[in-house]
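Trainee: Before I ask anything, here is the structure I am working with.
Protein chains: 2
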Amino acid sequence: MDEFLWGVIGTGNIAEAFAEDLHLAKNAKHRISAVLSREMSTAREFAEKFKAPDSFDDLEQFAAHSQVNAVYIATPHPMHFEEAQVCLKHKLPVLCEKPMGISKRQVAEMFETAKQYNTFLMEAMWTRFLPSIGMVQEMLQNEAIGELRHINASLSFLAPREEGSRYFEPSLGGGSLLDLGIYPVFLSQLLMGKPTNIHSSIKRSEKGIDENCAMLLQFGADKYAMLESSLITQTPNTATITGTSGQIIITNPWNEKPPSIVYEKYHGVKCEEPVQWEGRGLQFEVEEVYDCLRQGKISSEKMSPEFSLNLIETMDTIRHQHSIRYPFE
Amino acid sequence: MDEFLWGVIGTGNIAEAFAEDLHLAKNAKHRISAVLSREMSTAREFAEKFKAPDSFDDLEQFAAHSQVNAVYIATPHPMHFEEAQVCLKHKLPVLCEKPMGISKRQVAEMFETAKQYNTFLMEAMWTRFLPSIGMVQEMLQNEAIGELRHINASLSFLAPREEGSRYFEPSLGGGSLLDLGIYPVFLSQLLMGKPTNIHSSIKRSEKGIDENCAMLLQFGADKYAMLESSLITQTPNTATITGTSGQIIITNPWNEKPPSIVYEKYHGVKCEEPVQWEGRGLQFEVEEVYDCLRQGKISSEKMSPEFSLNLIETMDTIRHQHSIRYPFE
């Protein structure tokens, strides 16, 4: 089996989760060979923990000298743009945490660079590749709920209010929409396409980010999605996909590893199917990157540039509806 | 104890429920003394079932000759306006099923007439008077969930598609919003006031009514309500009231007699309190009418003209957003 070497930029929670799930990817022998952090000591600590030979504290050095097959960018979102640009220009394939950039302008430029350097780039929307989402798509294809009519999905996290918390800090790309809201928006666009109409309501913090965000998206004449993200209140964190003859509920936490998927036919059968896989589930996006690269692709069809551009466009629209601007925009 | 005589206009399901709950109202000995229906045989059948002495098949006759203390209007909503106008002009106090009228223009005129004839008029929003709603209001007053942030409520009913079904028939005031959506809109306005911004999405039927309706209402800078009504899909039919420190869930069916109210403090206590009362719960609005009349009022403070006008204004706005017009408008 091929050995596939990853460079990891960032050493936070999601980078750890990625490193822990990596060995579960089945299409190659994936391992981490280089780590980049602002602090060399942090990079070395992470590298040691996951048996990576190389540590870096400089982006250009990392891009020029790390011997990796692909890079996983796991830093806070305001940093993605520059990191991806530098890696792509060194022809390093990139799997970039979501949101890929903080605006459509950024994301479009990133995909332009990928094209120009003929190098792979994909948004790390790991939920896209979870078996639970595949189950739902299959049920919809089999018309298990008739015609799709609405999706109700939410994601909340009661974020700590500590000073400097990235969740509430504009300079760190804070706000509920980019951090959490991207998941329900992703799901609605995966199952319904690009929204034709976007309405939203937010609670603005004193520093000017969205502490919560309620969205009503319309998809053509007969479908809608009611979506929520929140850093300050609790939401169900389920996803309910409703059709003319039944509904599917992905239980809490719907975007990660939910205990089960509930399927209900109106006036009929009700089933609850347990969901299970090893690890947290980041291995599935890892497999996608490897499969795409092996086929010489510079983008994924399952998580395509067009999809990522639509996703950030929706979030741009919502932010603009409430004049939320980041300092680095 | 006083005897209080009711005239009932209409003999459908809700009229039956009213008649069955009437004896449960505790502030007087309430009974039905007159029934009006388009068909005399139907009126007589209903009158016999509920031991009412008088039956009518003519509105003017009913208003002029029935010996009643108040009238309950329980016909389909397009008929409310004329029936209420005639009763009020005969100085008969009126409890009128919701929606009181099909437009703000109608409802405003009805309250004008009530004022002109110094006669009581109230919208029969029975949910307003349920002990479950009182429990929630008390919890909010006691700041059980901190500052209120959002309400999520829905109401759906998989309506039969039979030919002539009033649910889908424009000439009978069909559509999900006026029939079901009025409940979640009512709840949001009861707890949050008048919406400052209204967004909505509907699925329009071939005949031009809303088969479902999704609403995102904003209330000032920091509150919103996500509401749904549907005749064609299933929704949770719960009401979740969410604040900065916890949430309250009125279980399904939240607008009637729910099994329980769930209260949850973030990172803390979770309680489930059973809800129970005799009958369906229409007796509580009956008590309100009697109490108001005994005090010489021509309107209720708990379900005021202003509240009813705001309610229908919101629904007018939503209908106009989608150019839904009824043939009799």
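From first to last, the protein sequence lines are chains A and B. With UniProt numbering, letter number 81 in the first sequence gets 81, and the count goes up by one each step, no holes. With UniProt numbering, letter number 50 in the second sequence gets 50, and the count goes up by one each step, no holes. A virtual CB, placed ideally from N, CA and C, is assigned to each residue, including glycine.
1. So, are the CB atoms of residue 211/B and residue 176/B less than 8 Å apart?
2. Rounding to the nearest angstrom, what Cα-Cα distance links residue 161/A and residue 179/A in this structure?
3. Within 8 Å, do at least three Cβ pairs link the stretch 194-208 of chain A to the stretch 247-261 of chain A?
4. Can you look up residue 58/B in the DSSP assignment and give me helix, strand or coil?
5. Under a three-way DSSP split, which group does residue 331/B fall into?
6. Is the distance from the Cβ of residue 57/B to the Cβ of residue 281/B below 8 Å?
7. Residue 239/B and residue 318/B look like a contact to me (Cβ under 8 Å); what is the Cβ gap, rounded to whole Å?
8. Locate the beta strand (DSSP E) running through residue 94/B, then write down its first and last residues.
9. Less than 8 Å between CB atoms is the rule here; does residue 324/B satisfy it with respect to chain A?
10. With C-beta atoms as the reference, is residue 209/B less than 8 Å away from residue 168/B?
11. Between residue 173/B and residue 213/B, how many whole angstroms is the CB-CB distance? I'm expecting something under 8 Å.
12. Using DSSP's beta-bridge definition, name the partner residues of residue 228/A.
13. Name the DSSP beta bridge partners of residue 148/B, please?
14. From the beta carbon of residue 167/A, is the nearest beta carbon of chain B less than 8 Å away?
15. Just mark residue 127/A as buried or exposed, buried being the case when its beta carbon has 16 or more other beta carbons within 10 Å.
16. Around the Cβ of residue 1/B, are there at least 16 other Cβ atoms within 10 angstroms (buried) or fewer (exposed)?
17. Enumerate in chain order the residues of its own chain whose CB-to-CB distance from residue 10/A is below 6 Å, with the five nearest sequence positions on each side excluded.
18. Are the CB atoms of residue 63/A and residue 54/A within a distance shorter than 8 Å?
19. Measuring only the C-alpha atoms, how far is residue 105/B from residue 82/A?
20. Hey, does residue 228/B have any beta-carbon neighbour from chain A nearer than 8 Å?
21. On the criterion of 16 or more Cβ atoms from any shown chain inside 10 Å, does residue 3/A qualify as buried, or is it exposed?
22. Between residue 212/B and chain A, is any beta-carbon pair separated by less than 8 Å?
23. Grab the span of the beta strand (DSSP E) containing residue 284/A for me, first residue to last.
24. Along the stretch 189-204 of chain B, where does the CB come closer than 9 Å to a CB of chain C? Name the residues.
25. At the level of alpha carbons, what is the spacing between residue 227/A and residue 236/B?
26. Strictly under 8 Å for the Cβ-Cβ distance: is residue 320/A near chain B by that measure?
27. If you measure from the beta carbon of residue 221/A to each beta carbon in chain B, is any gap under 8 Å?
28. How big is the Cα-Cα spacing for residue 301/B and residue 309/A?
29. Provide the residue span of the beta strand (DSSP E) that contains residue 72/B, from first to last.
30. Out of 91/A, 153/A, 23/A and 16/A, which one is the CA nearest neighbour of residue 45/A?
31. Taking the beta strand (DSSP E) that residue 7/B belongs to, which residues open and close that run?
32. Can you pull the chain B neighbours of residue 263/A, defined as C-beta to C-beta under 7 Å?
33. In chain order, what residues of the same chain lie with their CB nearer than 6 Å to the CB of residue 37/A, ignoring the 5 residues before and after it?
34. Against residue 158/A, what residues of chain B qualify as contacts under a CB-to-CB distance less than 9 Å, listed in chain order?
35. Please classify residue 268/A as buried or exposed, where buried requires at least 16 neighbouring CB atoms within 10 angstroms.
36. Going by DSSP, what residues sit across from residue 79/A in a beta bridge?
Mentor: Taking the definition as stated:
1. For the purposes of this step, residue 211/B is taken as residue 211 along the second sequence, with counting starting at 1. For the purposes of this step, residue 176/B is taken as residue 176 along the second sequence, with counting starting at 1. Yes. Within cutoff.
2. Here residue 161/A corresponds to residue number 161 of the first sequence, with the count starting at 1. Here residue 179/A corresponds to residue number 179 of the first sequence, with the count starting at 1. Their Cα atoms are separated by approximately 16 Å.
3. No, because fewer than three Cβ pairs between the stretch 247-261 of chain A and the stretch 194-208 of chain A fall closer than 8 Å, the two stretches do not touch.
4. For this step, residue 58/B is matched to residue 58 along the second sequence. Coil at residue 58/B, not helix or strand.
5. The question about residue 331/B has no answer here: the residues shown for chain B are numbered 1 through 329.
6. By 1-based counting over the second sequence, the position of residue 57/B is 57. By 1-based counting over the second sequence, the position of residue 281/B is 281. It is not a contact, given that the beta carbons lie outside the stated cut-off.
7. As a working note, residue 239/B is residue 239 in the second sequence. As a working note, residue 318/B is residue 318 in the second sequence. The pair is not a contact, with the Cβ atoms about 19 Å apart (cut-off 8 Å).
8. Position 94 of the second sequence holds residue 94/B. Counting along the chain, the beta strand (DSSP E) containing residue 94/B begins and ends at 94-96.
9. What you label residue 324/B is simply residue 324 of the second sequence in a count that begins at 1. Not one chain A Cβ lies under 8 Å of residue 324/B.
10. One-based indexing of the second sequence puts residue 209/B at position 209. One-based indexing of the second sequence puts residue 168/B at position 168. Contact annotation: residue 209/B and residue 168/B have beta-carbon atoms nearer than 8 Å.
11. Indexing the second sequence from 1 puts residue 173/B at position 173. Indexing the second sequence from 1 puts residue 213/B at position 213. Taking C-beta atoms under 8 Å as the contact rule, residue 173/B and residue 213/B fail to qualify, at a distance of about 14 Å.
12. Against the first sequence, residue 228/A aligns to sequence position 228. DSSP lists 154/A and 214/A as partners of residue 228/A.
13. As a working note, residue 148/B is residue 148 in the second sequence. Looking at the DSSP assignment, residue 148/B forms a beta bridge with 243/B.
14. Walking along the first sequence from the start, residue 167/A turns up at place 167. Answer no: the Cβ-Cβ gap between residue 167/A and chain B never drops below 8 Å.
15. Your numbering for residue 127/A matches position 127 in the first sequence. Residue 127/A is buried by the Cβ-count criterion.
16. Within the second sequence, numbered from 1, the residue matching residue 1/B stands at position 1. With a 10 Å radius around the Cβ and a threshold of 16 neighbouring Cβ atoms, residue 1/B comes out exposed.
17. Numbered from its first residue, the first sequence carries residue 10/A at position 10. Residues of the same chain with a CB within less than 6 Å of the CB of residue 10/A, apart from the 5 flanking positions on each side, are 74 and 75 in chain order.
18. The sequence position of residue 54/A within the first sequence is 54, counting from 1. The sequence position of residue 63/A within the first sequence is 63, counting from 1. In this structure, residue 63/A does not lie closer than 8 Å to residue 54/A by Cβ.
19. Reading the second sequence from its first residue, position 105 is the one you call residue 105/B. Reading the first sequence from its first residue, position 82 is the one you call residue 82/A. It is roughly 58 Å from the alpha-carbon of residue 105/B to the alpha-carbon of residue 82/A.
20. Position 228 of the second sequence, counting from 1, holds the residue named residue 228/B. So yes, residue 228/B belongs to the interface.
21. Locating residue 3/A in the first sequence gives position 3, counting from the first residue. When all chains shown are included, residue 3/A counts as exposed.
22. Within the second sequence, the letter at position 212 stands for residue 212/B. Yes, contact with chain A.
23. Start at 1 with the first residue of the first sequence, and residue 284/A comes out as number 284. Looking at the DSSP string, residue 284/A is not in any beta strand (DSSP E); the run it does join, the alpha helix (DSSP H), is 283-294.
24. Here chain C cannot be found, since the structure's protein chains are A and B.
25. For the purposes of this step, residue 227/A is taken as the residue at position 227 of the first sequence. For the purposes of this step, residue 236/B is taken as the residue at position 236 of the second sequence. Looking at the two C-alpha atoms, the distance is approximately 15 Å.
26. Here residue 320/A refers to the residue found at position 320 of the first sequence. Taking Cβ atoms only, chain B never reaches closer than 8 Å to residue 320/A, which makes this a no.
27. Locating residue 221/A in the first sequence gives position 221, counting from the first residue. At a cut-off of 8 Å between C-beta atoms, residue 221/A counts as an interface residue with respect to chain B.
28. To locate residue 301/B, count along the second sequence from 1; it is residue 301. To locate residue 309/A, count along the first sequence from 1; it is residue 309. Using only the alpha carbons, I get a separation of about 52 Å.
29. Against the second sequence, residue 72/B aligns to sequence position 72. Segment 70-73, the beta strand (DSSP E) holding residue 72/B.
30. Taking the first residue of the first sequence as position 1, residue 45/A is located at position 45. Comparing alpha carbon positions, the residue from 91/A, 153/A, 23/A and 16/A closest to residue 45/A is 16/A.
31. Here residue 7/B is taken as the residue at index 7 of the second sequence, counted from 1. Looking at the DSSP string, the run of the beta strand (DSSP E) that includes residue 7/B is 3-9.
32. Position 263 of the first sequence holds residue 263/A. Residues of chain B passing the Cβ test: none, with the nearest at roughly 12 Å.
33. Here residue 37/A corresponds to residue number 37 of the first sequence, with the count starting at 1. For residue 37/A, the CB contacts under 6 Å within the same chain, skipping 5 residues up- and downstream, are 11 and 43 in chain order.
34. Position 158 of the first sequence, counted from the first residue, corresponds to residue 158/A. 266 and 267, listed in chain order.
35. By 1-based counting over the first sequence, the position of residue 268/A is 268. With fewer than 16 other beta carbons inside 10 angstroms of its own, residue 268/A counts as exposed.
36. Locating residue 79/A in the first sequence gives position 79, where the first residue counts as 1. Bridge partners of residue 79/A: none, in fact.
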